[in-house]
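Residue numbers (our numbering): 2 to 175.
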C-alpha cells in the first residue's frame with residue numbers, strides 16, 4: 002500500500018462526541034464487570050453443548066419447579082439468559098466496530114511509517130550534500146536503523162534525542 006491511498010481525519014469535536022457516546026454506554030450498562038486474566042480463566046467456557054445444556058435446564062426448571070433449589074428461581078435463570086443474549090448482540094456490533102478501527106489504525110500507521118521512511122531518505126540525501134540541519138536530523142532518525150547493542154555497548158540515549166519521555170506518547174510504545 003502506498004501512502005497516497007488512504008486519507009481521513011477526525012475533528013476534535015467528533016472525538017469528544019464519540020467519547021461521550023461511549024460514556025453513555027457505560028452509564029446504560031453500569032452492571033458490567035471487569036475481570037483479571039486469572040479470574041476470566043476460572044470461568045466456564047461456553048461451547049455449543051453448554052449453551053444447549055443451559056437452554057434445556059431453563060426449560061426444565063420452568064416446567065418442573067419442584068426440582069429447583071430454593072436459592073434459584075426460573076425467572077432469574079431466564080433473566081440471566083436474556084442478559085447474555087442482549088450483551089452478545091451488542092458485543093457483535095462493537096466487535097465489528099473495534100476491528101474496523103484497529104484495521105484503520107493499522108493502515109494509517111503503515112502509511113505514516115512509509116512517509117517517514119521517504120522523509121528519512123530525503124534527509125539522508127540532503128545530509129550528504131551538507132544541507133542545513135539535515136545531518137542532525139538524519140543522525141537523530143538513524144537510531145531506528147541501528148542494530149541492537151551488545152551487552153558491552155551502550156544504547157544510544159533516547160532522552161537526549163526525544164526528551165525525558167522518549168518520544169511522542171501519542172505514537173505508542175517504540
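Ideal placement from N, C-alpha and C gives every residue a C-beta, glycine not left out. Since the model is a prediction, treat every value here as computed from it, not as a measurement.
Considering residue i, what are the terminal residues of the alpha helix (DSSP H) in which it resides?
i: residue 75; result: 75–129
i: residue 135; result: 135–143
i: residue 32; result: Residue 32 -> no alpha helix (DSSP H), and no H or E assigned at all.
Since residue i and residue j should fall inside the 8 Å C-beta cutoff, what is the C-beta to C-beta distance between them, to a whole number of angstroms?
i: residue 63; j: residue 75; result: 4 Å
i: residue 142; j: residue 114; result: The pair is not a contact, with the Cβ atoms about 12 Å apart (cut-off 8 Å).
i: residue 59; j: residue 47; result: That pair is no contact at about 15 Å.
i: residue 139; j: residue 124; result: 5 Å
Secondary structure at residue i, three-state DSSP: helix, strand or coil?
i: residue 37; result: coil
i: residue 68; result: helix
i: residue 24; result: helix
i: residue 63; result: helix
i: residue 148; result: coil
i: residue 17; result: helix
i: residue 7; result: coil
i: residue 132; result: coil
i: residue 42; result: helix
i: residue 58; result: helix
Out of the options, which one is the CA nearest neighbour of residue i?
i: residue 6; options: 149, 84, 86, 116; result: 116
i: residue 83; options: 56, 97, 126, 96; result: 56
i: residue 88; options: 140, 40, 32, 130; result: 32
i: residue 52; options: 86, 125, 109, 69; result: 86
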